[in-house]
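Here is the structure we will look at, set down as structure tokens.
Residue numbers (the numbering used here): 238 to 431.
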């Protein structure tokens, strides 16, 4: 199942209005201009995971609630089989498969990510994202070029990155093929992601 952009945007708008939060407050919380935020809330623009994560944080809900309209409900453990998870296709063909969408009060968000190889990205600056917390990326297959502020690293299968995701970071697939990696997004200080 892949979330519908208009439905997700509608949930963000409804929650924002229910909580009496202005669009400007949400724009500030997500690091966008008012016009950029309004375009995303209306569903006119694609929604990046970083944007959704920051919206969920400001609205006080689990990101899964924004994506599906349902609250995660499992508390003891959650098993997600190999091909299962919540599919999210965002950011220039990146495919995210959330591997624990039904587990509540998560300390981390686990994703199986496939980054497409795009020839036009190979010699261009890498787009940098920012979100509070830390991230761990474990390369399963393919090759990745990772940018962290002004540092560039080349990675391959078996390599692992852990970094402060509140600082500028981004990645592209290299080597002529997609790169698949496990990404674990963690909140600071072990606070639950709610």
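We treat Cβ as the ideally placed atom computed from N, Cα and C, and that holds for glycine.
The structure displayed is predicted, hence computed values, not measured ones.
Which word fits residue i, buried or exposed, when buried means at least 16 other C-beta atoms lie within 10 angstroms of its C-beta?
i: residue 267; result: buried
i: residue 425; result: exposed
i: residue 391; result: exposed
i: residue 430; result: With a pLDDT of 45 at residue 430, under the threshold of 50, the modelled position of that residue is not reliable, and no figure is offered here.
i: residue 281; result: exposed
i: residue 428; result: Because residue 428 carries a pLDDT of 49, less than 50, the predicted location of this residue cannot be relied on, and the following value inherits that uncertainty. Flag for residue 428 reads exposed.
i: residue 318; result: exposed
i: residue 404; result: exposed
Below 7 angstroms between beta carbons: does that hold for residue i and residue j?
i: residue 310; j: residue 323; result: no
i: residue 417; j: residue 351; result: yes
i: residue 364; j: residue 402; result: no
i: residue 399; j: residue 373; result: yes
i: residue 290; j: residue 300; result: yes
i: residue 250; j: residue 278; result: yes
i: residue 240; j: residue 304; result: yes
i: residue 432; j: residue 394; result: Outside the shown range of the chain, which is 238 to 431, sits residue 432, and nothing can be said about it.
i: residue 264; j: residue 271; result: yes
Taking residue i as part of the beta strand (DSSP E), name the residues at either end of that continuous run.
i: residue 380; result: 380-385
i: residue 320; result: Where residue 320 is concerned, there is no enclosing beta strand (DSSP E), given that its DSSP letter is neither H nor E.
i: residue 502; result: Residue 502 lies beyond the residue range present for the chain, which begins at 238 and ends at 431; the question has no answer from this structure.
i: residue 394; result: Note, residue 394: premise wrong, no beta strand (DSSP E); not H, not E.
i: residue 369; result: First-last for residue 369: undefined, no H or E at that position.
i: residue 352; result: 345-352
i: residue 420; result: 416-423
By how many angstroms is the C-alpha of residue j removed from the C-alpha of residue i?
i: residue 253; j: residue 293; result: 10 angstroms
i: residue 320; j: residue 306; result: 22 angstroms
i: residue 378; j: residue 421; result: 16 angstroms
i: residue 284; j: residue 245; result: 9 angstroms
i: residue 406; j: residue 360; result: 17 angstroms
i: residue 247; j: residue 308; result: 16 angstroms
i: residue 375; j: residue 414; result: 17 angstroms
i: residue 333; j: residue 389; result: 23 angstroms
i: residue 341; j: residue 298; result: 11 angstroms
i: residue 423; j: residue 385; result: 17 angstroms
i: residue 446; j: residue 337; result: Beyond the ends of the chain as shown, which are 238 and 431, falls residue 446; an answer cannot be given.
i: residue 345; j: residue 419; result: 12 angstroms
i: residue 383; j: residue 396; result: 12 angstroms
i: residue 331; j: residue 286; result: 10 angstroms
Could you spell out where the alpha helix (DSSP H) holding residue i opens and where it closes?
i: residue 289; result: 286-296
i: residue 247; result: 242-255
i: residue 305; result: 300-305
i: residue 267; result: 260-267
i: residue 334; result: Note, residue 334: premise wrong, no alpha helix (DSSP H); beta strand (DSSP E) at 331-335.
i: residue 271; result: 271-278
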